[in-house]
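Below: one structure, written as structure tokens.
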Amino acid sequence: MMHSRPLALACLSLAVLLSGAAQAQKRAGVDGQFHLSQFQRSQWDLPRSERAPDTREKSLSDILRMLKSQFSGRHLDARRMGDYYLVSWITEDGQRLTLRVNAITGNVE
335 MMHSRPLALA CLSLAVLLSG AAQAQKRAGV DGQFHLSQFQ RSQWDLPRSE
385 RAPDTREKSL SDILRMLKSQ FSGRHLDARR MGDYYLVSWI TEDGQRLTLR
435 VNAITGNVE
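Here our numbering is used: the first residue of the sequence shown is 335, the next is one more, and so on.
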């Protein structure tokens, strides 16, 4: 009986995984393929080389200045992930936030 709990957890994990796969298959097109037309795309989704030439990236200091005006508190850590900044923020009341900020638009997503 000692091995029944790990076995039950493994079965439950497998059921959740299969359920997620079934949901993804339902969202796919009739032929089982996803099509780009199903999703909205903007120039910000394009690789940098394919964007309009006037799309300059904001510096981290600009992003942090903008966040300071929107949120109380201060940043704890920030790193660049592709076209986004991931910023760890702590508010004045101690709430921790992880903010994903578009490096071009400055929008928090």
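Glycine included, C-beta positions come from ideal geometry on N, C-alpha and C. Bear in mind the structure is a predicted one, so any value in this text is a computation, not a measurement.
Starting from residue i, follow its DSSP beta bridges and name the residues at the other end.
i    : result
I424 : R408 and R430
N436 : Y418
R413 : L420
Can you tell me whether residue i is helix, strand or coil according to DSSP?
i    : result
R390 : coil
A362 : Annotation note: pLDDT 49 at A362 (below 50); position unreliable, coordinate value reported separately. Coil, per DSSP.
If I measure Cβ to Cβ from residue i and keep anything under 6 Å in the same chain, skipping five residues before and after, which residues do I get?
i    : result
R430 : I424
M400 : G440
Q404 : none
V364 : Residue placement at V364 is poorly supported in this model, since its pLDDT is 48, which falls under 50; the coordinates are not used for a value here.
Once you ignore the five residues that flank residue i on each side, which residues in its own chain have a CB closer than 8 Å to its CB?
i    : result
L410 : S422, W423, I424 and R430
A437 : E391, K392, I397, R414, D417, Y418 and Y419
Quick one: what's got a C-beta closer than 7 Å to residue i's C-beta in the same chain, skipping five residues either side?
i    : result
L433 : L401, V421, W423 and V442
L394 : A412 and Y419
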